[in-house]
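Engineer: For the sequence shown, the residue numbers in our numbering are 2 to 166. This is the structure I have questions about; it appears just below.
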Amino acid sequence: MEKTLVVYFGGQNPSQSTMTKVAKEIAEMTGADLFEIKPVHPYSKKEEDCVNEALRELDSNARPGIVEPLPDLAGYSTVILGFPNWCGTAPMPVFTFLDAKQKNGELAGKRVVPFVINAGSGPQNCITDLKASYPEAALDEGSSFISGKYDSAIPLALEWAQTIM
């Protein structure tokens, strides 16, 4: 039986984020396993400070530490990857996670289906940057949902998730 894993990064306040809620709903609906990418050093809950941290990481191409252990992707046929759009791309902890999986050879041919939560800007370079950084993964086009509209994001995300299964 093919298994699916939902991997997500909840952002600066993961317990309250639309991303976390959407990822959990998708996992529940699809019967997928769930894994949260957690930074070793949590981001500031103050918006301006968090944006500045994210920009510094992006500018230096940082790979911030994430809490281990990480899941072994070998047992999964599909990875649904959720994250917020930070500064026009995926947050650097997402790159940390994918770098670790690439280093272990776990991305080769793996179907990765991204979904991006944004504040109205769309996915911008999120998907393009992932495809450029991880060409050995079978990255789908994915989808994007607006974070301020949690009540509408959930049904849209669930409808989308059914189409990729």
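C-beta atoms are modelled at their ideal positions from N, C-alpha and C, and glycine is treated no differently. The structure displayed is predicted, hence computed values, not measured ones.
Distance, Cα to Cα, Ala1 vs Ser45?
Structural biologist: Past the edges of the chain, shown from 2 to 166, lies residue 1, and the structure says nothing about it.
Engineer: Assuming Val114 contacts Ile165 (C-beta within less than 8 Å), just tell me the rounded distance between them.
Structural biologist: That pair is a contact at about 5 Å.
Engineer: Just tell me which of Ala138, Met93, Ser144 has its CA closest to the CA of Pro40.
Structural biologist: If we check each option's Cα against that of Pro40, Met93 comes out closest.
Engineer: Can you have a look at Gln17 and say buried or exposed, based on whether 16 or more other CB atoms are within 10 angstroms of its CB?
Structural biologist: Answer is exposed; the Cβ neighbour count stays below 16.
Engineer: Can you confirm whether the stretch 26-41 touches the stretch 51-67 when touching is taken to mean that 3 or more C-beta pairs between the two stretches lie within less than 8 Å?
Structural biologist: Result yes; three or more Cβ-Cβ pairs closer than 8 Å.
Engineer: At which residues does the beta strand (DSSP E) containing Thr5 begin and terminate?
Structural biologist: Note, Thr5: beta strand (DSSP E), 5-9.
Engineer: DSSP puts Thr90 in a beta bridge; with which residues?
Structural biologist: According to DSSP, Thr90 bridges with Trp87.
Engineer: Please list the terminal residues of the continuous alpha helix (DSSP H) segment that includes Asp141.
Structural biologist: Where Asp141 is concerned, there is no enclosing alpha helix (DSSP H), given that its DSSP letter is neither H nor E.
Engineer: Would you tell me roughly how many angstroms separate the C-alpha atoms of Tyr77 and Val8, rounded to the nearest one?
Structural biologist: The straight-line gap from Cα to Cα measures roughly 12 Å.
Engineer: Determine, for Pro40, whether the minimum Cβ-Cβ distance to residues of chain B falls below 9 Å.
Structural biologist: The structure shown contains no chain B, having only a single protein chain.
Engineer: For Gln13, which residues from the same chain have a beta carbon less than 7 Å from its beta carbon, with the 5 sequence-adjacent residues on both sides left out?
Structural biologist: Within the same chain, Gln13 has close Cβ partners Tyr44, Ser45, Lys46, Cys51.
Engineer: Compare the C-alpha of Thr90 against each of Ala24, Gly106, Asp60 and name the closest.
Structural biologist: Among Ala24, Gly106, Asp60, the Cα nearest to that of Thr90 is on Asp60.
Engineer: Could you tell me the alpha carbon to alpha carbon distance between Ile81 and Thr5, rounded to whole angstroms?
Structural biologist: Those two C-alpha atoms are separated by around 7 Å.
Engineer: Determine the extent of the beta strand (DSSP E) in which Asn119 is found, giving its start and end residues.
Structural biologist: Per DSSP, Asn119 belongs to the beta strand (DSSP E) from 112-119.
Engineer: Would Leu74 be called buried (16 or more neighbouring beta carbons within 10 Å of its own) or exposed?
Structural biologist: It is buried - the Cβ of Leu74 has at least 16 other Cβ atoms within 10 Å.
Engineer: Should Lys102 go down as buried or exposed, given a rule of 16 or more other Cβ atoms within 10 Å for buried?
Structural biologist: Lys102 comes out buried.
Engineer: In chain order, which beta strand (DSSP E) runs of at least 3 residues are fully inside the stretch 9-80?
Structural biologist: Runs of the beta strand (DSSP E) inside the stretch 9-80: 34-37.
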